[in-house]
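Chain order of the listed sequences is L and W. Going by this note's numbering, the first residue of the first sequence is number 5, and it counts up by one from there. Going by this note's numbering, the first residue of the second sequence is number 4, and it counts up by one from there. The C-beta atom is built at its ideal place from N, Cα and C for all residues, glycine as well.
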Amino acid sequence: MTLHHYLILAAVLFCVGLMGAFTRRNAIVVLFSVEIMLNAANLNFIAFWRYSDNPELLHGPMFTLFAIAVAAAEVAVGLALVIAVYRHFKTVDLESMNTLRE
Amino acid sequence: MNEEIAFWKEIAFWILSAIAVLGALVAVRKRNLIHGVFALLVFFAGLSGLFLLLLAEFIAAVQVLVYIGAVGVLLLFAIMLTERVAGDDDRRMTSRGWSWGLVMAAAVFVVLLLPPILQLPSPEAAQEIKPSVEELGHKLMNPYVVTLEVLALLLTAALIGAVTAAQGVRMPKEEDSPE
């Protein structure tokens, strides 16, 4: 396995997440599409660390650890916002949240 | 012996990446949200296996604990709190402009992501990496302690913020009104 295998896999996963974030209308699905993209980035960090010159410095796992923690915080706040929006609009359909347009 | 290990590693890589990609695709495409979240959990598990394959065992464990454990349950709760009737077809929201999204994602892949990847040199992986959990702990205490503290602050703020946002704004006047 070369570094390229992992990078291309991460790119594919990122694009799958991107596709979901573009096309889905449910706010929760958009949120977890973003999560897929974040995880693809984490895979890149770990792959670059594994194939780096001095992996004993542990830069990759450290950054990934912090990225995972921040992503977890983001999910919690994001879902709380979705619930707040749901309470206001009575739906999580992103296309019906068009108050600014009217 | 070494060649045999390399062969099995390759097999494991392909199986795990197939699991990850299929899980992500199903998660993004499934109309039933609950099924989508379970596919997302499969994706997280596949990614955790890939981390193990890259010898980042602590990150793999964290992936299982945080994503499959916490984020999965959180997503399920959010869906159950927002979806009023799980089986109602009208309320299930489908996707819009599916083909355009596919074209956009493919364009991003081919134009933005693939060229820089192919230009990279292909370095050799280090033959042996020591188990890194202990070293990670030491590093969290010595050079990264400020980051750790900032992260703790961020998590606390996120906790309070999430509770406040989900609680919503209280309208005391409505409760007082005689109705």
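Could you check whether residue j and residue i sit closer than 7 Å to each other, using their CB atoms as the reference points?
i, j, result
"Ala42 of chain W", "Gly26 of chain W", "yes"
"Ala31 of chain L", "Val79 of chain L", "no"
"Arg91 of chain L", "Gly171 of chain W", "yes"
"Gly72 of chain W", "Leu44 of chain W", "no"
"Leu85 of chain L", "Ala168 of chain W", "yes"
"Phe26 of chain L", "Met41 of chain L", "no"
"Ile87 of chain L", "Leu84 of chain W", "yes"
"Leu223 of chain W", "Val20 of chain L", "The shown model of chain W, from 4 to 182, leaves out residue 223 of chain W, and the question about it has no answer."
"Leu77 of chain W", "Val40 of chain W", "no"
"Leu154 of chain W", "Leu143 of chain W", "no"
"Tyr55 of chain L", "Pro124 of chain W", "no"
"Phe10 of chain W", "Met5 of chain L", "no"
To the nearest angstrom, how far is it from the Cα of residue i to the Cα of residue j?
i, j, result
"Ile37 of chain W", "Thr68 of chain L", "28 Å"
"Phe36 of chain L", "Ala128 of chain W", "32 Å"
"Ile22 of chain W", "Glu106 of chain L", "44 Å"
"Leu11 of chain L", "Gln66 of chain W", "19 Å"
"Gly82 of chain L", "Val166 of chain W", "11 Å"
"Pro134 of chain W", "Gly164 of chain W", "37 Å"
"Met23 of chain L", "Val38 of chain L", "10 Å"
"Phe80 of chain W", "Asn35 of chain W", "15 Å"
"Ile14 of chain W", "Met107 of chain W", "31 Å"
"Leu68 of chain W", "Val34 of chain L", "22 Å"
"Glu6 of chain W", "Val114 of chain W", "36 Å"
"Pro119 of chain W", "Lys94 of chain L", "44 Å"
"Val88 of chain W", "Ser100 of chain L", "At Val88 of chain W the pLDDT is 42, less than 50, meaning the model places this residue with poor confidence and gives no usable figure here."
"Ala64 of chain W", "Ala73 of chain L", "13 Å"
"Asp91 of chain W", "Lys33 of chain W", "Residue confidence is low: Asp91 of chain W scores 47 on pLDDT, short of 50, so the model does not pin down where it sits. No coordinate-derived value is stated."
"Ala71 of chain L", "Ala44 of chain L", "12 Å"
"Leu110 of chain W", "Met4 of chain W", "For clarity, residue 110 of chain W is Ala in the given sequence; the question names Leu instead. Computed Cα separation, rounded: 42 Å."
"Asn102 of chain L", "Val24 of chain W", "33 Å"
"Leu121 of chain W", "His9 of chain L", "10 Å"
"Leu157 of chain W", "Tyr70 of chain W", "18 Å"
"Phe49 of chain L", "Gly100 of chain W", "32 Å"
"Ile82 of chain W", "Val89 of chain L", "13 Å"
"Leu55 of chain W", "Ile18 of chain W", "13 Å"
Which partner residues does residue i have in the DSSP bridge list?
i, result
"Asp97 of chain L", "L:Asn30"
Out of the options, state which residue places its alpha-carbon closest to the alpha-carbon of residue i.
i, options, result
"Leu57 of chain W", "L:Cys19, L:Trp53, L:Leu61", "L:Trp53"
"Gly140 of chain W", "L:Ala44, L:Met5, L:Met66", "L:Met66"
"Leu13 of chain L", "L:Pro59, L:Asn46, L:Phe70", "L:Asn46"
"Glu60 of chain L", "W:Glu131, W:Leu162, W:Leu157, W:Gln122", "W:Glu131"
"Pro146 of chain W", "L:Ala44, L:Ala71, L:His63", "L:His63"
"Gly104 of chain W", "W:Phe54, W:Val24, W:Ser20, W:Val31", "W:Val31"
Under the assumption that residue i contacts residue j (Cβ atoms under 8 Å), give the Cβ distance between them as a whole number of angstroms.
i, j, result
"Ala15 of chain L", "Phe112 of chain W", "6 Å"
"Leu7 of chain L", "Ala51 of chain L", "6 Å"
"Phe61 of chain W", "Val136 of chain W", "5 Å"
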